[in-house]
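Colleague: Before anything else, here's the structure in question.
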Amino acid sequence: MELSGLNQRLTPVTPARLNRWMLLVARSGEPLCLSPVTVLQYSIMQYAIRPTTPTPIPEDSSEQLPPGNYGWYSKGNPAQNF
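The sequence shown runs 13 to 94 under our numbering.
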């Protein structure tokens with residue numbers, strides 16, 4: 013799922029709000045966590061996505077997310093991308 017082009021001045025995106033949106037569209041029943049990621053290009057049109065920090069962003073945080081790349085991960089397996 014890609015969320016791009018969000019105007020943070022009109023709709024401030026917080027982890028709590030993004031988590032509510034994700035619960036509406038997630039197809040898996042397992043809990044997910046949000047983590048900043050680094051996108052690395054290793055060939056033409058081939059990318060690797062790696063979590064930037066070992067600790068996910070708290071799902072109930074009301075702080076506005078800074079611009080950047082984020083990934084949804086299974087709480088039991090942070091290396092598995094959703």
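Cβ atoms here follow ideal geometry from the backbone N, Cα and C, with glycine treated the same way.
#1: Quick one: using the 10 Å Cβ neighbour count with 16 as the cut-off for buried, is TYR54 buried or exposed?
#2: Which same chain residues end up closer than 7 Å to PRO27 when comparing Cβ atoms and leaving out the 5 residues on each side of it in sequence?
#3: Which residues in the same chain have their Cβ closer than 6 Å to the Cβ of ASN81, if we skip the five residues on either side of it in sequence?
#4: Buried or exposed, going by whether 16 or more other CB atoms sit within 10 Å of the CB of TYR59?
#5: How is PRO43 classed by DSSP in three states: helix, strand or coil?
Modeller: This is what the structure holds:
#1: exposed
#2: LEU46, ILE69, PRO70, GLU71, SER73, LEU77
#3: VAL49, VAL51
#4: Taking a 10 Å sphere around the C-beta of TYR59, we find fewer than 16 other C-beta atoms and assign the residue as exposed.
#5: Here PRO43 sits in coil by DSSP.
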